[in-house]
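Worksheet for the structure shown next.
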Amino acid sequence: MTQASAQPKHYLSDKVEHFTESVIREMTRQAMQYGAINLAQGFPDFPAPAEIKQAAQDAIAADINQYAITWGAQSLRQAIARQMQEWQGLHVDPEKEIVVCCGSTEAMVATLLAVCNNGDEVVVFEPFYENYGPDSILSGAKPRFVKLRPPQTADDEWTFNEIELREAFQHHTKAIILNTPNNPTGKVFSRKELELIRDLCVEYNVLAITDEIYEHILYDGAQHISIACLDGMRERTITINGLSKSYSVTGWRVGWAVAPPAITSAIRKVHDFLTVGAPAPLQEAGAAALSLPAVYYHELAERYRTRRDRLIPALENAGFRCFRPRGAYYVMTDITAFGFPDDVEFARHLVQEVGIACVPGSSFYKHRKDGSQQVRFAFCKRPETLDEAARRLEKLRPR
Ligand SMILES: Cc1ncc(COP(=O)(O)O)c(C=O)c1O
Numbered sequence: 045m046t047q048a049s050a051q052p053k054h055y056l057s058d059k060v061e062h063f064t065e066s067v068i069r070e071m072t073r074q075a076m077q078y079g080a081i082n083l084a085q086g087f088p089d090f091p092a093p094a095e096i097k098q099a100a101q102d103a104i105a106a107d108i109n110q111y112a113i114t115w116g117a118q119s120l121r122q123a124i125a126r127q128m129q130e131w132q133g134l135h136v137d138p139e140k141e142i143v144v145c146c147g148s149t150e151a152m153v154a155t156l157l158a159v160c161n162n163g164d165e166v167v168v169f170e171p172f173y174e175n176y177g178p179d180s181i182l183s184g185a186k187p188r189f190v191k192l193r194p195p196q197t198a199d200d201e202w203t204f205n206e207i208e209l210r211e212a213f214q215h216h217t218k219a220i221i222l223n224t225p226n227n228p229t230g231k232v233f234s235r236k237e238l239e240l241i242r243d244l245c246v247e248y249n250v251l252a253i254t255d256e257i258y259e260h261i262l263y264d265g266a267q268h269i270s271i272a273c274l275d276g277m278r279e280r281t282i283t284i285n286g287l288s289k290s291y292s293v294t295g296w297r298v299g300w301a302v303a304p305p306a307i308t309s310a311i312r313k314v315h316d317f318l319t320v321g322a323p324a325p326l327q328e329a330g331a332a333a334l335s336l337p338a339v340y341y342h343e344l345a346e347r348y349r350t351r352r353d354r355l356i357p358a359l360e361n362a363g364f365r366c367f368r369p370r371g372a373y374y375v376m377t378d379i380t381a382f383g384f385p386d387d388v389e390f391a392r393h394l395v396q397e398v399g400i401a402c403v404p405g406s407s408f409y410k411h412r413k414d415g416s417q418q419v420r421f422a423f424c425k426r427p428e429t430l431d432e433a434a435r436r437l438e439k440l441r442p443r
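Following our numbering, the numbering of the sequence shown begins with 45 at its first residue and continues without gaps.
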């Protein structure tokens, strides 16, 4: 290659120019490099339920190995519709209102590509799951962030300011992205908060795109409410979910979007051109997973509760201030007591010197300084892993 042609920027899309590599996956690589315990990325280090692994093996043995219907195997779509009826009381037509995708990650970006035009804005609560910003930009939209403020006391919740939220809806707003139960904060949005968001969506004619991938992981009596169930929202909501978190199969890459027929039809087209379809045998296994009895979900949440209650005291003893999650399997913490200049330096110290990987808080904020005294830990790990993390945390000292 000659010097003249070696101008990499010239070849790149303006859209990706400001994308940074996923900090979470970078921390996973560092965890492997330093032999650290990976409390950074949200994947379980324990097996998936035996019956659904068997269902996947059976599907492959039965030769379900070719393309599924592009918008999803009928058995899985029917199981999704059944579960939404049972858990949320929502009637969904599996023929017209569901698109099965390669993980909820694809469902989110396919949805945004299907509904956004250049110049549209998408409201996103901050701190946010790191994909939402790039997903909005890929679809031509601009994300507009609204702050969630951390709790002041152990009994408080992360809260948002109603006036700020209303202001955010007034800029060519196409959609709001919600995530409840929330990553990274563990917040579970209350009915009152969802009603307020509903009122704004209706007033400004805005869609709600709601990522409910942690819907079954709830603590302390918290209740998951799908915004699609609120009056006036069914026709303007896209609900996103998947197998990854509820069944501990993050590597299977099966997720879905549920939306009114016209929006579903648009998402199906985008999805077809993006990926054609999700893995066929794993969709069959997904249908088996969604048919597990209610007790499975109660045990799942209870197992995560004991893990949360194992990790938080160890973090607090080490000097972290923890924001106690009511759902999902992460704990956001404040690291001010350690006297580090920022979260990235702290995370580097923790992985290299203490042997634990976490995610620097700044990766969940638009302005990195906003998260510069926060880090996030994932506790979707075996009790032995968390015990070893607790032992290692005893080495941690303030600067
Ligand atoms: C809020 C949220 N949405 C989506 C995902 C990714 O889900 P999937 O594996 O279905 O793509 C994650 C993974 O951490 C997440 O935390």
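Where is the CB? At the ideal position from N, CA and C, for every residue including glycine. Computed from a prediction, not measured in an experiment: that's the story for all the values here.
Query, Result
"Along the alpha helix (DSSP H) that carries residue 152, what are the first and last residues, could you check?", "147-159"
"Going by C-alpha to C-alpha distance, which of 191, 287, 97, 275 sits closest to residue 255?", "287"
"Report the rounded CA-to-CA distance for residue 119 versus residue 104, giving the unit in angstroms.", "15 Å"
"Can you check which of these residues, 298, 226, 72, 325, is closest to residue 102 by C-alpha distance?", "325"
"Does the Cβ-Cβ distance between residue 369 and residue 230 come in under 8 Å?", "yes"
"Do you know how far the Cα of residue 354 is from the Cα of residue 431?", "8 Å"
"With a Cβ-Cβ cutoff of 8 Å, do residue 457 and residue 426 count as a contact?", "With the chain represented from 45 up to 443, any question about residue 457 goes unanswered, as that position is not in the structure."
"Using 8 Å as the threshold, is the stretch 327-345 in touch with the stretch 109-126, meaning 3 or more CB pairs across them?", "yes"
"Closer than 6 Å between the C-beta and any heavy atom of ligand 1: which residues qualify, listed along the chain?", "86, 147, 148, 149, 173, 223, 227, 255, 257, 286, 288, 294, 299"
"With 16 as the cutoff for other CB atoms within 10 Å, does residue 56 come out buried or exposed?", "exposed"
"If we require 4 or more residues per run, which alpha helix (DSSP H) segments fall completely within the stretch 321-384?", "324-333, 338-362"
"Mind pulling the beta strand (DSSP E) runs of 3 or more residues that sit fully within the stretch 168-196?", "186-191"
"Alpha helix (DSSP H) containing residue 274: first to last residue?", "Counting along the chain, residue 274 falls outside any alpha helix (DSSP H), and DSSP gives it neither H nor E."
"I need the straight-line Cα distance from residue 376 to residue 96, nearest angstrom please.", "31 Å"
"Inspect the beta-carbon positions of residue 257 and residue 221 and report whether they are closer than 8 Å.", "no"
"Got a sec, what are the start and stop residues for the alpha helix (DSSP H) residue 313 sits in?", "305-319"
"Starting from the Cα of residue 340, find the closest Cα among 63, 311, 94, 82 and give me that residue.", "94"
"Around the Cβ of residue 291, are there at least 16 other Cβ atoms within 10 angstroms (buried) or fewer (exposed)?", "buried"
"Could you pull the start and end residues of the beta strand (DSSP E) that residue 236 belongs to?", "Counting along the chain, residue 236 falls outside any beta strand (DSSP E), though it belongs to the alpha helix (DSSP H) covering 235-248."
"Rounded to the nearest angstrom, what separates residue 436 and residue 400 at their Cα positions?", "8 Å"
"Would the stretch 380-396 count as touching the stretch 266-275 if we require 3 or more Cβ pairs under 8 Å?", "no"
"What is the rounded straight-line gap between the Cα of residue 59 and the Cα of residue 153?", "14 Å"
"Are there 16 or more other CB atoms within 10 angstroms of the CB of residue 318, so buried, or fewer, so exposed?", "exposed"
"Using CA atoms only, rank isn't needed, just tell me which of 442, 394, 312, 391 is closest to residue 139.", "312"
"Compare the C-alpha of residue 438 against each of 310, 357, 88, 215 and name the closest.", "357"
"Per the DSSP calculation, residue 437 is bridged to which residue(s)?", "Paired residues: none, contrary to the question."
"Can you name the residues that DSSP bridges to residue 286?", "299"
"How many angstroms separate the CA atom of residue 429 from the CA atom of residue 72?", "15 Å"
"Residue 165 by DSSP, collapsed to three states: which one?", "strand"
"Exposed or buried, what is residue 263 when buried is set at 16 or more other beta-carbons lying within 10 Å of its beta-carbon?", "buried"
"Grab me the residues of residue 395's own chain with a C-beta within less than 6 Å of its C-beta, minus the 5 sequence neighbours each way, in chain order.", "74, 78, 80, 401"
"I need the DSSP call for residue 421, collapsed to helix, strand or coil.", "strand"
"Kindly indicate which residue of 182, 168, 133 has the alpha-carbon position closest to the one of residue 61.", "182"
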